[in-house]
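Single-structure report; data block below.
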Amino acid sequence: RKRLTITNLKKMKQDKNPISMLTAYDYPSAVLAEEAGLDVILVGDSLGNVVLGYDTTIPVTLDDMIYHTRAVARGAKNTFIVTDMPFMTYGIGRETTLRNAARLMQEGGAQALKLEGGTEIASEVEALVKAGIPVMGHIGLTPQSVHQLGGYKVQGKLEKEAQKLMEDAKALEAAGAFAIVLELVTEPIAEAISKELSIPTIGIGAGRGCDGQVLVYHDILQYSSPYMEKKMVKTYADIGSTIRSAISSYVNEVKAGAFPAEEHTFGAKPAAINHLYG
Ligand code: KIV
Ligand code: NA
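The sequence shown: position 143 = 144 (the UniProt record's numbering), numbered continuously.
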C-alpha cells in the first residue's frame, strides 16, 4: 500500500471517510501500526509521558522528537508520519521555528509537523507552509500549555471558549494547515468546527462529529500508560498485563532452573568436550 498524502487526507473528509490516527514512538510500534492499516502515525510529544516517564510534555526536546521520529520512519515507510514540534521550539520567532522544523523533517524524516495553538501561531504556520512543510494544527486542550490552562480540562463548554476555538480553527485553516487536532473539546463545538472547515478535524476526546480520531498507542493497549482511566480513551487490548505476566513467568523459571531447557541449548562435538575434561 502507498503512503497517504495531504491531498488524500483532505479528500477523505469530503468522502466522509474517517481518518484513523494513532501515536507511535519507535520501530516496533510503527511496524505494527502500518501492518494494521493505520492512515496516519503521530509521533506525539506524549512520548514524554508514556515513553520517558515525565509528568507533562514540557521537558520533551527537539532531539527527543528527532530520535523517536527516525525510529518510526524506519518502521513505517508507507504511512504518513506527523511529528509534534515540542514545547518552545516554535512560537518564538519565524526563523527559529523554521530551523527547528527543518531538523524534524530532515533528520527525523516526518512528512508533516503538528503545532499547538491558534491565532497566536498562525503567522508561523503560514511561514512553515510557505516553506513547503505540511502543518497540522492542534487546539482545545493543548498539553504544552497545561500550566496556563490550569489542568487537563475539557475546552469549549462556555460561549467565550467556543468562540475562541472557532476563531483559532479558522485562523489555522487560513494559514494553510492541512488538518487540525481537536483535543478534549465538547462534542457540539467540535462538530460545528468540523462542519465549518474544509480541512479535516481529528478528534481526541472531541466526540463523534470530527473527520478523524487520534489516540495514544499506550492508552489503547493498556501498555503501562498513566492515562488508562481517561474517559475519552477506549482500550482495545491489555498488553500491560500480558507483558507483566510473561516477565513474571520468565523470572520464576530462571529461579526454578526451568529455563533454559534442553531445547534452548547448543551442543558441542564430543572431542571438544573430552579435550576440556582431559
Ligand atoms: O502527543 C500526542 O499524543 C498528541 C495527541 C494526543 C493528539 O498530541
Ligand atoms: Na502532542
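Backbone N, C-alpha and C fix where the C-beta goes; we use that ideal spot for every residue, glycine too. These numbers were taken from a predicted model, which means no experiment stands behind them.
Confirm, please, whether the CB-CB distance from R71 to G109 is below 8 angstroms. yes
Where DSSP assigns a beta bridge to D85, which residues make up the other side? K115
The ligand NA heavy atom lying under 7 angstroms from the CB of S246: no
Does the Cβ of G157 have 16 or more other Cβ atoms within 10 Å, making it buried, or fewer, making it exposed? buried
Rounded C-beta distance between E197 and M233? I'm assuming under 8 angstroms. Not a contact, Cβ separation roughly 22 angstroms.
CB N101 to CB E35, shorter than 8 angstroms? no
Between I20 and the ligand KIV, is the CB less than 7 angstroms from at least one heavy atom? no
Environment of N50 [buried if 16+ CB atoms lie within 10 Å]: buried
Using only the heavy atoms of the ligand KIV, determine whether one of them is closer than 7 angstroms to the beta carbon of I205. yes
Can you name, in chain order, every residue of its own chain whose Cβ lies under 6 angstroms from the Cβ of A25, other than the five neighbours on each side? A31, A34, I42, V73 and Y218
By Cβ distance, which residues of its chain are closer than 7 angstroms to D169, with the 5 residues on each side in sequence left out? G119, T120 and I140
Helix, strand or coil for Q149, going by three-state DSSP, please let me know. helix
Is L222 helix, strand or coil when you go by DSSP? coil
So, using beta-carbon positions, are A111 and A176 closer together than 8 angstroms? no
What three-state label does DSSP hand I244 in the structure shown? helix
Along the alpha helix (DSSP H) that carries S21, what are the first and last residues, could you check? Looking at the DSSP string, S21 is not in any alpha helix (DSSP H); the run it does join, the beta strand (DSSP E), is I20 to T24.
Could you say which of I67, A172 and A77 lies nearest to T90 if we only look at CA atoms? I67
Do F260 and K11 have their CB atoms nearer than 8 angstroms? no
Based on the DSSP output, what are the partners of L48 in its beta bridges? L48 is not bridged to any residue.
By DSSP, does L142 sit in helix, in strand, or in coil? coil
Would you check if the segment 7–22 and the segment 204–222 touch, i.e. whether three or more CB-CB distances between them fall below 8 angstroms? yes
Run the proximity test for P144: is its beta-carbon closer than 7 angstroms to any non-hydrogen atom belonging to the ligand NA? yes
So, helix, strand or coil for V61, using DSSP? coil
Rounded C-alpha distance that separates E192 from V136: 21 angstroms
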